[in-house]
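I have placed the structure first, in the form of structure tokens, so that the comments after it can refer back to it.
So, in structure tokens, the structure goes:
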């Protein structure tokens, strides 16, 4: 346990400007093996997409690819993974207004909002069976973030509410189905018992209907 006096000591303490700063020094004793620069990295390189827009919104030539660079990033550029290119293209073509709203933001806010927006779209594109209540709650939080970032998401909020109502109806329906299945099991069990009782009663009735005397019986006079 580190005492408080040691922590705040002016001559050797760890507290600097109200913050605890700890520096770790690592010495490399030996490097084993060579680094193969040609080996393919498991991490996908980022792709840059550029919004080409006209007076009517985003043009059909939505995605123009340029190699990653370290210079200042163009105001119309997003950075995404190669695996996301097709999905982002489809989303921005379907919702060009969102693309233009994102373009108006600075690079950091634009990229953050884009990923949040895409996560909401992915959530709403799932079937009710795939969605959990936590998924819907996270989507609501994401829309709140977009709204406070200045992105108009009223239509998405409406869609989310519709999905929530459908999910609620699905859960109510599933509960009702389980209840009916249990009732049906009870009824089937009762039917089995009733069929057994019915068979026994039929046997008794048939026995009672038999003649009291037949010619095959031995009669003692």
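Numbering (the UniProt record's numbering), first residue to last: 1 to 221.
Don't be surprised by glycine CBs; every beta carbon is placed ideally from N, CA and C.
>> Going by C-alpha to C-alpha distance, which of 119, 104 and 182 sits closest to residue 139?
In response: 119
> From this set, 94, 136 and 173, which residue's C-alpha is nearest residue 157's C-alpha?
Replying inline: 136
>> Just to confirm the assignment, what range does the alpha helix (DSSP H) spanning residue 91 have?
In response: 85-94
> In three-state DSSP terms, what is residue 38?
Replying inline: Here the model assigns residue 38 a pLDDT of 45, short of 50, so the residue's position is not dependable and the matter cannot be decided.
> Where does the unbroken alpha helix (DSSP H) through residue 109 begin, and where does it stop?
Replying inline: 107-124
>> My parser needs the alpha helix (DSSP H) runs of 4 or more residues fully inside the segment 130-175; what are they?
In response: 133-148
> Would residue 125 be called buried (16 or more neighbouring beta carbons within 10 Å of its own) or exposed?
Replying inline: exposed
>> Between residue 113 and residue 128, how many whole angstroms is the CB-CB distance? I'm expecting something under 8 Å.
In response: Residue 113 to residue 128, Cβ: 27 Å. No contact.
> Looking at the structure shown, is residue 213 part of a helix, part of a strand, or coil, going by DSSP?
Replying inline: coil
> Buried or exposed: which applies to residue 146, given that a residue is buried once 16 or more other Cβ atoms fall within 10 Å of its Cβ?
Replying inline: buried
> Do you know whose CA, among 203, 149 and 132, lies nearest residue 111's CA?
Replying inline: 149
>> Measuring only the C-alpha atoms, how far is residue 210 from residue 190?
In response: 31 Å
> Looking at C-alpha atoms only, which residue of 184, 83, 181 and 161 is the closest neighbour of residue 143?
Replying inline: 161
> Pick from 116, 203 and 206: whose alpha carbon is nearest that of residue 153?
Replying inline: 116
> Should residue 99 go down as buried or exposed, given a rule of 16 or more other Cβ atoms within 10 Å for buried?
Replying inline: buried
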